[in-house]
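Below is one structure, written out as structure tokens; the observations come after it.
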DNA sequence: GTATGACAGGGGAAAAATCCCCTTTTTTTA
DNA sequence: TAAAAAAAGGGGATTTTTCCCCTGTCATAC
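Protein chains in written order, with UniProt numbering: chain A, 1 to 222; chain B, 1 to 222.
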């Protein structure tokens with residue numbers, strides 16, 4: 001059977017064979033009109049470049065981010081420069097805002113989390129094939145916040161005094177508050193005041209969670 | 001068609017829906033004798049515990065390691081204590097020697113990397129179903145090295161008991177030791193013993209530096 | 001000028017963490 | 001299977017942390 005419109009060629013770039021093979025099954029499952037053709041698979045950006053040396057080229061590429069050697073960012077960047085007409089749909093388990101934003105800025109047509117429903121994946125493929133854009137919830141959110149100049153309700157960790165930062169550096173050590181006071185040439189009671197203020201502002205309940213907060217938010221380095 | 005032997009019930013524990021669904025397709029693909037039945041899926045250890053509250057129980061569980069909340073290690077530990085007859089086949093992209101070894105020590109029946117061939121996955125399932133063991137290359141290598149007494153100056157954080165790891169996860173929260181004891185169904189005095197032992201082994205002097213150590217050495221995730 | 005708020009400091013008590021030394025139970029191993 | 005080694009638990013004391021309420025100082029805004 002020969003369809004009027006030629007099939008759409010799809011390529012998969014992901015470093016886990018089991019995931020690629022499963023994804024192929026899922027794509028075919030939803031491809032009731034038999035319009036998709038899996039052109040090739042690659043394990044990483046390097047493998048992709050290899051396959052892209054000569055035609056045929058895919059119309060759509062499903063791309064993971066975390067891969068050995070040449071990762072998704074590099075691969076997408078390279079694709080946009082060398083084959084700008086190819087539509088890229090990112091399929092990744094990465095949920096960090098930074099990385100999502102970076103991918104969107106590179107101009108990908110879609111961003112899917114790996115824990116979406118199969119139907120959503122089909123929908124995304126369909127949309128992208130028709131020159132649309134498809135972002136899963138988490139990516140949409142990130143996008144909106146950044147378009148609307150949501151400068152982010154200034155993180156509480158943004159406005160710390162110098163003394164408070166110094167105090168936090170010492171909080172993650174094995175010094176007692178009394179020793180910290182001594183080192184900072186302040187009264188233990190003043191230190192107690194810093195502690196109390198930080199507990200409230202950063203919404204933590206004890207010294208340990210304060211230390212964890214400081215580390216997690218990069219206020220102190222390990 | 002009714003087979004003489006009842007079907008083998010399989011459960012999948014992995015936090016990525018797309019991977020689970022793909023894996024199901026791949027399992028069915030190789031199941032020419034139609035002997036496997038996917039009993040349920042779970043997103044993490046918590047979901048697994050939920051499903052394991054009452055029969056029917058699976059015969060084999062395919063388990064990922066990295067999952068939110070209750071991870072693969074905890075889930076396997078729990079399973080071995082509560083349902084020791086269930087066969088566990090780890091399917092993970094984790095390739096760190098430490099973690100592979102830890103899983104093997106927990107007594108899993110098999111260890112598969114996510115980038116194996118589909119046929120190998122079928123083979124592994126078959127082998128485990130028949131009371132065998134199946135380790136993919138990387139796991140076999142790790143196992144051999146350690147059997148041959150390639151000791152490796154093991155980091156003190158390498159040989160922590162499961163209870164100690166669980167304790168460390170709770171140490172970085174705002175729970176008191178009393179609450180931790182309660183949650184782990186142990187006496188506060190036992191928890192105090194864990195604390196003391198870890199202080200000495202990891203050379204730290206208080207709860208805060210213990211938490212910092214655990215974070216710095218990747219024993220707990222933020 | 002005075003109010004307001006941020007910063008430094010204090011008293012005192014309750015809660016939690018830390019330490020030291022010891023017993024029982026369970027598991028491993030020789 | 002007896003001995004040894006972990007693991008679990010306990011008593012009790014000391015130190016540290018946490019909390020609440022309160023005083024003075026200084027600057028800055030009104």
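Glycine included, C-beta positions come from ideal geometry on N, C-alpha and C.
Given a cut-off of 8 Å, decide if residue j and residue i are closer than it, judged by their beta-carbon atoms.
i, j, result
"residue 22(B)", "residue 198(A)", "no"
"residue 56(B)", "residue 9(B)", "yes"
"residue 18(A)", "residue 184(B)", "no"
"residue 106(A)", "residue 80(A)", "yes"
"residue 207(B)", "residue 171(B)", "yes"
"residue 135(B)", "residue 143(B)", "yes"
"residue 211(A)", "residue 94(B)", "no"
"residue 173(B)", "residue 209(A)", "yes"
"residue 77(A)", "residue 13(A)", "no"
"residue 219(A)", "residue 168(A)", "yes"
"residue 50(A)", "residue 20(A)", "no"
"residue 38(A)", "residue 215(B)", "no"
Assuming residue i contacts residue j (C-beta within less than 8 Å), just tell me the rounded distance between them.
i, j, result
"residue 69(A)", "residue 44(A)", "5 Å"
"residue 108(B)", "residue 88(B)", "4 Å"
"residue 139(A)", "residue 111(A)", "4 Å"
"residue 129(A)", "residue 61(A)", "The Cβ separation is near 12 Å, so there is no contact."
Name the DSSP bridge partner or partners of residue i?
i, result
"residue 189(A)", "For residue 189(A), which the question treats as bridged, DSSP gives no partner whatsoever."
"residue 41(B)", "12(B)"
"residue 110(B)", "89(B), 134(B)"
"residue 60(B)", "10(B), 87(B)"
"residue 36(A)", "8(A)"
Any idea if residue i is buried or exposed, counting beta-carbon neighbours within 10 angstroms, 16 or more meaning buried?
i, result
"residue 132(B)", "exposed"
"residue 222(A)", "exposed"
"residue 194(A)", "buried"
"residue 114(A)", "buried"
"residue 178(B)", "exposed"
"residue 83(A)", "exposed"
"residue 72(A)", "buried"
"residue 15(A)", "buried"
"residue 92(B)", "buried"
"residue 137(B)", "exposed"
"residue 58(B)", "buried"
"residue 141(B)", "exposed"
"residue 166(B)", "buried"
"residue 6(B)", "exposed"
"residue 2(A)", "Reliability of the predicted coordinates at residue 2(A) is poor, the pLDDT of 48 falling under 50, and the value obtained from them is presented with this limitation in mind. Result: exposed."
"residue 205(A)", "exposed"
"residue 180(A)", "buried"
* Using a beta-carbon distance cut-off of less than 9 Å, what residues from the stretch 203–215 of chain B approach chain A? -> Under the 9 Å Cβ criterion, the stretch 203–215 of chain B contributes 204, 205, 206, 207, 208, 209, 210, 211, 212, 215.
* Asked: the stretch 104–128 of chain B: which residues have C-beta closer than 7 Å to a C-beta of chain A, in chain order?
  -> Here the close residues are 114, 115, 116, 117, 118, 121.
* Name the residues in the stretch 128–144 of chain A whose C-beta lies less than 8 Å from a C-beta of chain B; which are they? -> So the list is empty, because no residue satisfies the distance condition.
* Asked: Using Cβ-Cβ distances below 8 Å, what residues of the stretch 28–51 of chain B are close to chain A?
  -> Listed in sequence order: 29, 43.
* To do: Residues of the stretch 159–174 of chain A with a CB closer than 9 Å to any CB of chain B: list them in chain order, please.
  => The residues in question are 171, 172, 173, 174.
* Asked: Listed in chain order, which residues of the stretch 15–28 of chain B have Cβ atoms closer than 7 Å to some Cβ of chain A?
  -> Per Cβ criterion, the list reads 15, 16, 17, 18, 19, 21, 22, 23, 25, 26.
* **chain B contacts from the stretch 55–69 of chain A (Cβ-Cβ distance under 8 Å)** => Result list empty, no residue passes.
* To do: Check each residue of the stretch 77–106 of chain A: if its Cβ is closer than 8 Å to any Cβ of chain B, include it; give the result in chain order.
  => Listed in chain order, the positions of the stretch 77–106 of chain A with a beta carbon within less than 8 Å of a beta carbon of chain B are 91, 93.
* In the stretch 170–200 of chain B, which residues sit with their C-beta less than 8 Å from some C-beta in chain A, listed in chain order? -> Contact annotation: in the stretch 170–200 of chain B, residues whose CB is within less than 8 Å of a CB in chain A are 171, 172, 173, 174.
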